[in-house]
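S.K.: Just dropping this structure here.
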Amino acid sequence: RSCDGTGAMYFIGCGYNAFPVGSEYADFPHMDDKHKDREIRKFRYIIHAEQNALTFRCQDIKPEERSMIFVTKCPCDECVPLIKGAGIKQIYAGDVDVGKKKADISYMKFGELEGVRKFT
């Protein structure tokens, strides 16, 4: 099907933030209000939604087709190279964390990303 002049669109994957597949509840630290470093304790073990979507996609991304990814937050510095390396040509992000650092997650590379159109 066509969608607003973009041409044929195919769904190739979906992802969400989660602990690694097969992990048990007590395998990794969880957030609680007792620790000041609660974000760092949990976030460094989470597989990001972008990583999940690209890893478990149902088909390959064809270089000749205009591919896009929709994310609720600006992709972090770990995910930006994966998105570009997968051949994604457009990123649609729901919020703008560009240039920020939260806990131990940085969002610096998104603003400098070239060759990929960004929409926020």
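Start counting the sequence shown at 10; every next residue gets the next number (this note's numbering).
Where a beta carbon is used, it is the ideal one built from N, C-alpha and C, also for glycine.
(1) With distances taken Cα to Cα, identify the nearest neighbour of TYR54 among MET77, PHE28 and ILE78.
(2) Identify whether TYR54 lies in helix, strand or coil by the three-state DSSP scheme.
(3) Once you ignore the five residues that flank PHE128 on each side, which residues in its own chain have a CB closer than 6 Å to its CB?
(4) Would you decide whether GLN132 is buried or exposed? Buried here means 16 or more other CB atoms lie within 10 Å of its CB.
(5) Got a sec, what are the start and stop residues for the alpha helix (DSSP H) PHE119 sits in?
(6) Mind checking which residues open and close the beta strand (DSSP E) that includes LYS127?
M.R.: Quick answer:
(1) PHE28
(2) coil
(3) TYR101
(4) Any question about residue 132 goes unanswered here, given that the chain covers just 10 to 129.
(5) 118–121
(6) 126–128
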